[in-house]
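Working notes for the structure below.
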Amino acid sequence: MTDFDLKLCDVQGRLFVLSVTNGYGSEKFVKIFMKSETAKELDSSYNCKQCFGEEYLFDEVIENARDIFKENDEIYSSECIYWIGYIYRYWHYYTRESSEEIYKQAPVKAVKQNYARLCMMTPKEVVEILKKTK
230 MTDFDLKLCD VQGRLFVLSV TNGYGSEKFV KIFMKSETAK ELDSSYNCKQ CFGEEYLFDE
290 VIENARDIFK ENDEIYSSEC IYWIGYIYRY WHYYTRESSE EIYKQAPVKA VKQNYARLCM
350 MTPKEVVEIL KKTK
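First residue of the sequence shown: 230, per this note's numbering; consecutive thereafter.
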């Protein structure tokens, strides 16, 4: 895992926090993001969007799915949603699976349910446990 990879884990965590800050339901935002073109571009081996900040990425996700966000769902805590974003991006770098494939294995609701017991583990340990519990 490179420093750049870890930086992108942080950016994705902060991107997810922006959804909370802006009042978007967490499950819906994460599901839309993980299946989005933006996530696919972040998954690629190199894409200029990997150098953009979380604000730009957030605006892009919202702009491309604005109508889908009409219904509200639970808004997770900033700490939890950051951790989820970080873990999903780490998972991609650890296994090279796409964001969409990762989401199929571990939907956000299931990841949140395991937050309290997994948040103190290393990201690698978390990914291994989540892959086994699918």
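Note that CB positions come from ideal geometry on N, CA and C, so glycine has one too.
Which of helix, strand or coil does DSSP assign to residue i?
i, result
"Cys238", "helix"
"Tyr317", "helix"
"Glu354", "helix"
"Cys309", "helix"
"Arg325", "coil"
"Thr231", "coil"
Buried or exposed: which applies to residue i, given that a residue is buried once 16 or more other Cβ atoms fall within 10 Å of its Cβ?
i, result
"Lys341", "buried"
"Met230", "exposed"
"Tyr275", "exposed"
"Thr267", "buried"
"Gly252", "exposed"
"Ala339", "exposed"
"Phe233", "exposed"
"Ala345", "exposed"
For the alpha helix (DSSP H) that residue i lies in, which residues bound it at each end?
i, result
"Ile291", "283-294"
"Asp272", "266-272"
"Ala335", "Here Ala335 belongs to no alpha helix (DSSP H), and DSSP marks it neither H nor E."
"Ser255", "255-263"
"Tyr344", "344-347"
Self-check item: Inter-stretch contact (C-beta, 8 Å, three-pair minimum) for the segment 279-292 and the segment 339-355
Solution: no
Exercise. Decide if the segment 300-311 is in contact with the segment 244-256; the criterion is three or more beta carbon pairs, one per stretch, under 8 Å apart.
Key: Judged by Cβ distances under 8 Å, the segment 300-311 makes contact with the segment 244-256, as three or more pairs qualify.
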